[in-house]
Amino acid sequence: MKTFLALFLMLAAAAASAQDMSTNEGAKKKKVIRLDAITVEGKIQKPQAFYILQRSNLNFEELNRPESFVPQVVQSVDKQPF
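Under mature numbering (1 follows the signal peptide of the UniProt record, and there is no 0), residues -18 to -1, 1 to 64 are what the sequence shown spells out, in order.
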């Protein structure tokens, strides 16, 4: 267990030092690019048409059923499951 821990610490230290080296190399190779200003002229196109939907007529008549489903529920409960 101690050898595994020691090996892990060595690998972690090596990875950390490798990251430090890469940041130093990036600082040395820094490039600066300067661009002149560019003026872009034009018009932004906007939609010229729109669509209006009429209100839909909600129909709740089918929710009020006149028949009772209680006998069918009782019959299904009384049946053997298998």
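Beta carbons are placed, not taken as given, at the ideal position from N, Cα and C, and that holds for glycine. Note that this is a predicted model, so its numbers are computed, not measured.
- Can you name the start and end residues of the alpha helix (DSSP H) that Asp60 belongs to? The count along the sequence shown starts at 1 and reaches residue 60 at position 78. Val52 to Asp60 is the extent of the alpha helix (DSSP H) around Asp60.
Exercise for review: To the nearest angstrom, report how far apart Asn41 and Gln27 are at their CA atoms.
Suggested key: In the sequence shown, counting from the first residue as 1, residue 41 sits at position 59. In the sequence shown, counting from the first residue as 1, residue 27 sits at position 45. Whole-angstrom Cα-Cα distance: 41 Å.
Work out the CA separation of Val55 and Pro63 for me, nearest whole Å. What you label residue 63 is simply residue 81 of the sequence shown in a count that begins at 1. What you label residue 55 is simply residue 73 of the sequence shown in a count that begins at 1. Using only the alpha carbons, I get a separation of about 14 Å.
Check: Roughly how many angstroms lie between the CA atoms of Asp60 and Pro48, to the nearest whole one?
Finding: Sequence index remark: in the sequence shown, residue 60 carries index 78 (1-based). Sequence index remark: in the sequence shown, residue 48 carries index 66 (1-based). Answer to the nearest angstrom: the Cα atoms are 24 Å apart.
- Query: In whole angstroms, what separates the C-alpha of Asn46 from that of Gln30?
  - Reply: Counting from one through the sequence shown, the residue named residue 46 turns up at place 64. Counting from one through the sequence shown, the residue named residue 30 turns up at place 48. Straight-line Cα distance between these residues: approximately 45 Å.
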